[in-house]
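S.K.: Sharing a structure, written as structure tokens. Questions coming.
Chains as they are written, first to last, in this note's numbering: chain W, 1 to 72; chain V, 1001 to 1169.
Here you go:
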């Protein structure tokens, strides 16, 4: 389960973000948000935070994967 | 330590807030130091001394001495000035004119955050269900002929020991 989670989570975040913002845009909720004074940076803040945390976590895992591959 | 940090009696609440924040900060630093010491002690045994040194500082009753002697511990001026500037900026932002806009922005931001989280979790759960289903089908496929294999292996074992094979085989 943790192994699957580690593999699936980046994919889930990407597809989930696309799905979420597509739905918001289709129902004109993003237009309402812009009219209410929210900047684009504010409503993409959750995606940016998650992408940034994943970017910080990723290289270390890739290095460990590479080391395990070289060792085997 | 908090009582020692309270300082002289005053009319504002700043001393109390600062003392509580200082106490929380020192406790967090002590906990972090212990954690770092334990982790670093795996490779560098001398690092195990760090938590004990920190505990010695706490157990040395410096704060009780400070209280009994009436020593006033004040935070540096640049910290109090920075906190005052931050509080003023927050007060300006939440003034009566901008209060409604800030409230709408906060509510909508929370709404977008929840929508985003729900979408990510839905995709994640869907992928997990799909993976579990494929794993289950693969397991079923592999164990489909397990009875035949067991029968085959038991007959081979009985033949190798020179015993007559079981009637079911």
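We put the CB at the ideal spot given by N, CA and C, even for glycine.
Considering just the uninterrupted stretch of the alpha helix (DSSP H) at residue 1048 (chain V), what are its terminal residues?
M.R.: Mapped onto the second chain, residue 1048 (chain V) falls at position 48. Neither: residue 1048 (chain V) is in no alpha helix (DSSP H) and is coded neither H nor E.
S.K.: At the level of alpha carbons, what is the spacing between residue 25 (chain W) and residue 31 (chain W)?
M.R.: The residue given as residue 25 (chain W) occupies position 25 in the first chain. The residue given as residue 31 (chain W) occupies position 31 in the first chain. Take the alpha-carbon of residue 25 (chain W) and the one of residue 31 (chain W): they are about 8 angstroms apart.
S.K.: Residues of the segment 1064-1085 of chain V in Cβ contact with chain W at a cutoff of 9 angstroms, in chain order, please.
M.R.: Residues passing the 9 angstroms Cβ filter: none.
S.K.: Using only the alpha-carbon positions, how far apart do residue 18 (chain W) and residue 47 (chain W) sit?
M.R.: In the first chain, the residue the question calls residue 18 (chain W) occupies position 18. In the first chain, the residue the question calls residue 47 (chain W) occupies position 47. Cα to Cα, the separation comes out at about 10 angstroms.
S.K.: Less than 8 angstroms separating the beta-carbons of residue 1033 (chain V) and residue 1054 (chain V)?
M.R.: Mapped onto the second chain, residue 1033 (chain V) falls at position 33. Mapped onto the second chain, residue 1054 (chain V) falls at position 54. It is a contact, given that the beta carbons lie within the stated cut-off.
S.K.: Between residue 1064 (chain V) and residue 1049 (chain V), what straight-line distance do the alpha-carbon atoms span, to the nearest angstrom?
M.R.: Locating residue 1064 (chain V) in the second chain gives position 64, where the first residue counts as 1. Locating residue 1049 (chain V) in the second chain gives position 49, where the first residue counts as 1. So the alpha carbons of these two residues sit roughly 24 angstroms apart.
S.K.: Per the contact definition of three or more C-beta pairs closer than 8 angstroms, is the segment 1149-1159 of chain V in contact with the segment 30-45 of chain W?
M.R.: Counting Cβ pairs under 8 angstroms, fewer than three are found: no touch.
S.K.: Can you give me the start and stop residues for the alpha helix (DSSP H) that residue 10 (chain W) sits inside?
M.R.: What you label residue 10 (chain W) is simply residue 10 of the first chain in a count that begins at 1. 2-26 is the extent of the alpha helix (DSSP H) around residue 10 (chain W).
S.K.: Could you work out which residue in W:8, W:7 and W:13 is closest to residue 49 (chain W) when comparing CA atoms only?
M.R.: Residue numbering aside, residue 49 (chain W) sits at position 49 when the first chain is read from its first letter. Taking only the C-alpha atoms, the option nearest residue 49 (chain W) is W:13.
S.K.: Measure from the alpha carbon of residue 1052 (chain V) to the alpha carbon of each residue in V:1036, V:1116, V:1111 and V:1108, then state which is nearest.
M.R.: Here the question's residue 1052 (chain V) lines up with position 52 in the second chain. Ranking V:1036, V:1116, V:1111 and V:1108 by Cα distance to residue 1052 (chain V) puts V:1036 first.
S.K.: Given a cut-off of 8 angstroms on the beta-carbon distance, is the pair residue 1124 (chain V) and residue 20 (chain W) in contact?
M.R.: Indexing the second chain from 1 puts residue 1124 (chain V) at position 124. Indexing the first chain from 1 puts residue 20 (chain W) at position 20. No, the Cβ-Cβ distance between residue 1124 (chain V) and residue 20 (chain W) is not below 8 angstroms.
S.K.: Check whether the Cβ of residue 46 (chain W) lies closer than 8 angstroms to any Cβ atom in chain V.
M.R.: Stepping through the first chain from its first residue, residue 46 (chain W) is reached at position 46. With 8 angstroms as the cut-off, residue 46 (chain W) counts as an interface residue toward chain V.
S.K.: Hey, is residue 3 (chain W)'s beta-carbon within less than 8 angstroms of any beta-carbon in chain V?
M.R.: Position 3 of the first chain, counted from the start, is the residue given in the question as residue 3 (chain W). So, not an interface residue.
S.K.: From this set, V:1083, V:1045 and V:1151, which residue's C-alpha is nearest residue 1017 (chain V)'s C-alpha?
M.R.: Residue mapping note: residue 1017 (chain V) aligns to position 17 of the second chain, counting from 1. Closest option to residue 1017 (chain V), Cα to Cα, is V:1083.
S.K.: Chain W beta carbons: is any one of them nearer than 8 angstroms to that of residue 1115 (chain V)?
M.R.: What you label residue 1115 (chain V) is simply residue 115 of the second chain in a count that begins at 1. Yes, residue 1115 (chain V) counts as interfacial toward chain W.
S.K.: Mind checking residue 1120 (chain V): buried by the 16 CB within 10 Å criterion, or exposed?
M.R.: As a working mapping, residue 1120 (chain V) is identified with position 120 in the second chain. Buried, by the Cβ-count rule.
S.K.: Between residue 1145 (chain V) and residue 1139 (chain V), what straight-line distance do the alpha-carbon atoms span, to the nearest angstrom?
M.R.: In the second chain, residue 1145 (chain V) corresponds to position 145, counting from 1. In the second chain, residue 1139 (chain V) corresponds to position 139, counting from 1. Straight-line Cα distance between these residues: approximately 11 angstroms.
S.K.: Short check: CB of residue 1029 (chain V) to CB of residue 1040 (chain V), under 8 angstroms?
M.R.: To locate residue 1029 (chain V), count along the second chain from 1; it is residue 29. To locate residue 1040 (chain V), count along the second chain from 1; it is residue 40. Their beta carbons are not under 8 angstroms apart, which means residue 1029 (chain V) does not touch residue 1040 (chain V) by this criterion.
S.K.: If we ignore side chains and look at the alpha-carbon of each, how far apart do residue 1066 (chain V) and residue 1081 (chain V) end up?
M.R.: Taking the second chain and counting its residues from 1, the one referred to as residue 1066 (chain V) is at position 66. Taking the second chain and counting its residues from 1, the one referred to as residue 1081 (chain V) is at position 81. Cα to Cα, the separation comes out at about 25 angstroms.
S.K.: Please report whether the beta-carbon of residue 1035 (chain V) lies at a distance below 8 angstroms from any beta-carbon of chain W.
M.R.: For the purposes of this step, residue 1035 (chain V) is identified with residue 35 of the second chain, where counting begins at 1. Not closer than 8 angstroms to any Cβ of chain W, the Cβ of residue 1035 (chain V) fails to qualify, so no.
S.K.: Short of 8 angstroms in beta carbon distance, which residues of its chain neighbour residue 1076 (chain V), apart from the five on each side in sequence? Order them along the chain.
M.R.: By one-based count along the second chain, residue 1076 (chain V) stands at place 76. Correct list: empty, nothing qualifies.
S.K.: What number of angstroms, rounded off, separates the C-alpha of residue 1109 (chain V) from the C-alpha of residue 1070 (chain V)?
M.R.: In the second chain, the residue the question calls residue 1109 (chain V) occupies position 109. In the second chain, the residue the question calls residue 1070 (chain V) occupies position 70. Going by the C-alpha atoms only, they are around 49 angstroms apart.
S.K.: For residue 1085 (chain V) and residue 1079 (chain V), I'd like the C-alpha separation in whole angstroms.
M.R.: Position 85 of the second chain, counting from 1, holds the residue named residue 1085 (chain V). Position 79 of the second chain, counting from 1, holds the residue named residue 1079 (chain V). About 10 angstroms.
S.K.: Please classify residue 1145 (chain V): does DSSP put it in a helix, a strand, or coil?
M.R.: Taking the second chain and counting its residues from 1, the one referred to as residue 1145 (chain V) is at position 145. DSSP places residue 1145 (chain V) in coil when its eight states are reduced to three.
S.K.: So is residue 16 (chain W) buried or exposed if we call it buried at 16+ other beta carbons inside 10 Å?
M.R.: Against the first chain, residue 16 (chain W) aligns to sequence position 16. Within 10 angstroms of the beta-carbon of residue 16 (chain W) lie 16 or more other beta-carbons, which makes it buried.
S.K.: Helix, strand or coil for residue 1152 (chain V) per DSSP?
M.R.: In the second chain, counting from the first residue as 1, residue 1152 (chain V) sits at position 152. Helix, per DSSP.
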